[in-house]
Amino acid sequence: MRITRVAAMATAAALSLTVAACGGDDNAGSGSSASGIIGKAQSSKKLVIGVKSDQPGLGLQTGSTYEGFDIEIGKIIAKGLGVDESGIEWKTTVSANREPFIQQGTVDLVIATYTINDERKQKVSFAGPYFVAGQDLLVKADNTTITGPESLDGKTVCSVTGSTPAKRIQTDFPKAKLQQFDAYTKCLQPLLNGQVDAMTTDDIILAGYAAQEQYAGKLKVVGKPFSTEPYGIGLKKDDVEGCKKINEILTAAAADGSYKAAWDKTLGKSGTPAPTLDTSKLTHCPA
Amino acid sequence: MSNTSSVLYDHPGPRAKVRNTILTVVFGVAILALLWWIYRKFDDAGQWAGDLWKPFLEANTWTGFILSGLRATLLAAATGMALSLAFGVIFAVGRLSDHWWIRVPCGAVVEFFRAVPLLLMIFFIFYAVPFLIQAPVSAFWAVVIGLTLYNGSVLAEAFRAGIRAVPLGQSEAAYALGMRKTLVMRHILVPQAARSMLPVIVSQLVVLLKDTALGYIVAYPELLQRGVNDLSANFGNVVAAAMVIAAIYIVINSLLTLLAGWLERRTRSRGGRTPKSADTPPPLPSGTTDQGAVVGA
Amino acid sequence: MDVFSDPRNIDATVSGFLWILKLTGASAVLALVLGVILAAMRVSPIPVLRLFGAAWVNIFRNTPLTLIIFFCYFGLYSTLGLSLSEDLNLNIYWLGVIGLSTYTAAFVCEAVRSGINTVPAGQAEAARAIGLTFAQTLRIIVLPQAGRAVVAPLGSILIALCKNSTIVGTIGLMESSSVMKDLINSYGNAGILIFAVFAGVFALLLIPTGYLFGWLANRLAVRR
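Protein chains in written order, with this note's numbering: chain A, -18 to 268; chain B, 79 to 375; chain C, 25 to 248.
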């Protein structure tokens, strides 16, 4: 009996939330015709952005703040939408909860090494890509036997449980042995100690780890990407206006040098020159 | 503790003393050798390197990672405990109801949630329930609700045993005074049961606190997530970090266990009506309560 | 789209539960043996053994199992170099069994110790009076009687162990919770169904086990 009552209360609460949310949108809409993320940014001057917390160079939580390339991109977009840095709330996401977070409105944007693909496009829409990564391998600096994914036969590869890179190894390179953990950071010690021979995910993430102080000179990225991972900025599926606006902001950032500055401040520290943002490819927004 | 342990063997005579000393030395040396070997192996692997441990000397490591994680852990545990207690009392009373249509569903709920691994529960609440209710569930609530359903069910069983262990005369006397069933429950049975169940409740709190560590699965920033995953992403010291975090858990939980023991002794020395049982009910691993040991089978 | 019409998903689900059963089985045996030994240590006349038993219980009972399993991989295997099998999954499996037994043994120890306390002092005194040693007293007189009193708590511990074995997924074994996580990620809309199946199997396995142990405990109880 109690269960039904609790369920009913939960439903009622959910409904009232939805109603409240709609009301908010209407108010925002009275100032300008914009709704979605543009409207929210204008009316509340606040944004909640989902980012990774454990990827050095991209999205790393250091004590109370976050830093990395994804974070800098987030700041550029917030600025373009008229939101101050102090108005941004960063929220840790893990790979598996990015779509739910957007769909449920827990976050407004996701900038978290988020590959654009068709399956995800059914649930969310993507601005960008702001960077194109590729799956690669991280090995010990003195390793010469692993030169690419085809040399993984009988070798142990480490990745995150159920992640796309892990699945690709399983299906495309079934002779490799797969060790899975719940976080990439856990792959590093076994890699250094020799229990796993390689770690795999996107090259840019691997480079972030390899460039960390404590691993300097001990690890290297193989440098033969075997997939294409265009990183997008995820937002609600029906927010076409917001999606287009973010693409405009990215285009402007590529032109005025703030994109390059973001790179130089983070991933560029390892000496890798900033990539050029191909603005002709910003075509993923739903029509 | 009764003194059964000391009646198990005679007071040692000269030969037994020698034998005990030899065994003490042999076993002691073996343990020390093992610890030394582990220490050396960790040393060989560079696990004691200063760089790995230095972060723990910096204030930012504590305020930014460990203490913030600890706060999240304690917050989830405290909320979960409060809700579990409520859940436990309601379902314990429900299972003792005279009406089958209350008793049976309450029993089914309790049995079900005791049988489902918490990891599955938390994951389900976080990822699937939002589709059902069309609203987001935060990581915090996913963890707290998971903990509540599970520990609440365990406590419900403990309470039920506790209520049934209150001497029959108590409720008979209350009925004789003309009290209705609800009143008897509320004023006579539940308060007495709750008092005698205090040690069990505190032991369950230890279980609950440990289980908050499962929050990592939904990225709830609790102690394990912040102190091991996030901290080591910054400093690359995953094993050192795990050792520090383990020590923190052990200290907190040992204190709670001591508290449980103290409450137990206090209840007993005040002549509180502990259920008939020879000894403190053994604390059980996550997912357990046992009418057997509590009530005395 | 249908989750359980794809044979690969069925295979994964079945193998996930097989891992759970294997983990539970091996760990139950090991934890029981270890737990009884630890309990014997805790009531033994030799202080260093008592100390060892107490330390074991206090350390492992108060650490989250996730951390213990973590140390099995990162401490025992990665740092101490203890490899238990050439096969990647079997190695993780055995590391998981070590972790689960270490943790569960602490609870078995405490259950057995309180079981020992339910045996009336007269029994042990009589045993000593006829000249039995500590080991004999424990083995012939006390433990068999204590055993009957601990059936119910041991049943609860076994059920907890079965559920806890899902945590071995954190070091990469594709046991049922990892399989469920994977399936929900791929088939988000069928999340309820997937959970119902996985939770249902656990309930089907564990609720009867609980009643079985309750029945056994009643049957075996020493009437005093």
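Even glycine gets a Cβ: it sits at the ideal position worked out from N, Cα and C.
{"Item": "What is the rounded straight-line gap between the Cα of Lys119 of chain B and the Cα of Ala318 of chain B?", "Value": "14 Å"}
{"Item": "Would you mind listing the alpha helix (DSSP H) stretches within the region 129 to 166 of chain C that are 4+ residues and don't spill past its ends, in chain order?", "Value": "145 to 153"}
{"Item": "Give the interface partners of Lys46 of chain C over in chain B, defined as CB-CB distance under 9 Å, in chain order.", "Value": "By Cβ distance, chain B contributes nothing, its closest Cβ being about 16 Å from Lys46 of chain C, past 9 Å."}
{"Item": "What residue from C:Gly224, C:Asn188, C:Tyr235, C:Leu73 has the CA that sits closest to Ile122 of chain C's CA?", "Value": "C:Asn188"}
{"Item": "So what does DSSP say about Lys46 of chain C, is it helix, strand or coil?", "Value": "helix"}
{"Item": "For Leu287 of chain B, which of C:Leu182, C:Glu149, C:Leu73, C:Pro88 has the nearest alpha-carbon?", "Value": "C:Pro88"}
{"Item": "With a floor of 4 residues, list each alpha helix (DSSP H) that falls wholly inside the region 84 to 152 of chain B, ordered by position along the chain.", "Value": "92 to 122, 128 to 131"}
{"Item": "Just mark Gly99 of chain C as buried or exposed, buried being the case when its beta carbon has 16 or more other beta carbons within 10 Å.", "Value": "buried"}
{"Item": "Round the Cβ separation of Thr137 of chain A and Lys121 of chain A to the nearest angstrom and send it over; I've been treating them as touching at under 8 Å.", "Value": "The pair is not a contact, with the Cβ atoms about 13 Å apart (cut-off 8 Å)."}
{"Item": "Taking the C-alpha atoms as reference points, what is the distance between Val194 of chain B and Pro299 of chain B?", "Value": "24 Å"}
{"Item": "Quick check on the burial criterion: 16 or more other C-beta atoms within 10 angstroms. Buried or exposed for Thr182 of chain A?", "Value": "buried"}
{"Item": "In the structure shown, what three-state DSSP assignment does Ile127 of chain A receive?", "Value": "coil"}
{"Item": "Which class does Arg32 of chain C belong to by DSSP, given the choice of helix, strand or coil?", "Value": "helix"}
{"Item": "Contact defined as beta carbons within less than 8 Å: I believe Gly44 of chain A pairs with Thr226 of chain B. What is the distance between those atoms, to the nearest angstrom?", "Value": "About 31 Å; that fails the 8 Å criterion."}
{"Item": "Could you list which residues in chain A have their beta carbon closer than 9 Å to that of Thr141 of chain B, in chain order?", "Value": "Gly44, Ser45"}
{"Item": "Does the beta carbon of Pro256 of chain A come closer than 8 Å to any beta carbon on chain C?", "Value": "no"}
{"Item": "Is the distance from the Cβ of Ile92 of chain C to the Cβ of Thr48 of chain C below 8 Å?", "Value": "no"}
{"Item": "What residue range does the alpha helix (DSSP H) around Cys266 of chain A cover?", "Value": "Run containing Cys266 of chain A: none; DSSP gives neither H nor E here."}
{"Item": "Along the chain, where does the alpha helix (DSSP H) that runs through Pro177 of chain C open and close?", "Value": "175 to 188"}
{"Item": "The beta strand (DSSP E) spanning Ala108 of chain A covers which residue range?", "Value": "105 to 114"}
{"Item": "Taking DSSP as the reference, what is the three-state secondary structure of Ile69 of chain A?", "Value": "strand"}
{"Item": "Looking at Val88 of chain A and Lys27 of chain A, is the spacing between their C-beta atoms short of 8 Å?", "Value": "no"}
{"Item": "Hey, would you say the C-beta of Thr137 of chain A is under 7 Å away from at least one heavy atom of the ligand NAP?", "Value": "By its list of ligands, the structure shown contains no ligand whatsoever, and the ligand NAP lies outside what it can speak to."}
{"Item": "List, in order along the chain, the chain B residues whose C-beta lies closer than 7 Å to that of Val75 of chain A?", "Value": "Ala297"}
{"Item": "Does DSSP classify Met263 of chain B as helix, strand or coil?", "Value": "helix"}
{"Item": "Report the three-state DSSP secondary structure of Lys250 of chain A (helix, strand or coil).", "Value": "helix"}
{"Item": "In the DSSP assignment, the alpha helix (DSSP H) including Glu250 of chain B goes from what residue to what residue?", "Value": "246 to 254"}
{"Item": "Give me the Cβ distance between Thr90 of chain C and Thr194 of chain C, rounded to the nearest whole Å; I'm assuming they're in contact under 8 Å.", "Value": "6 Å"}
{"Item": "If you reduce the DSSP assignment to three classes, tell me which class Ile168 of chain B lands in.", "Value": "helix"}
{"Item": "Considering only C-alpha positions, which residue in the set C:Glu110, C:Ser39, C:Gly120 is nearest to Val192 of chain C?", "Value": "C:Gly120"}
{"Item": "Which residue wins for smallest C-alpha separation from Gly139 of chain C, given the options C:Ser102, C:Asp111, C:Val246, C:Asp26?", "Value": "C:Val246"}
{"Item": "With a threshold of 8 Å between beta carbons, is Ile191 of chain C in contact with chain A?", "Value": "no"}
{"Item": "Where Ala55 of chain C and Ala159 of chain C are concerned, what is the direct C-alpha to C-alpha distance, given to the nearest angstrom?", "Value": "20 Å"}
{"Item": "Between the C-alpha atoms of Thr128 of chain A and Asn229 of chain B, what's the straight-line distance to the nearest angstrom?", "Value": "51 Å"}
{"Item": "If the criterion is Cβ atoms closer than 8 Å, does the pair Ile241 of chain B and Leu174 of chain B meet it?", "Value": "yes"}
{"Item": "Between Leu216 of chain A and Gly223 of chain A, which are expected to be in contact by the criterion C-beta below 8 Å, what is the C-beta distance as a whole number of angstroms?", "Value": "6 Å"}
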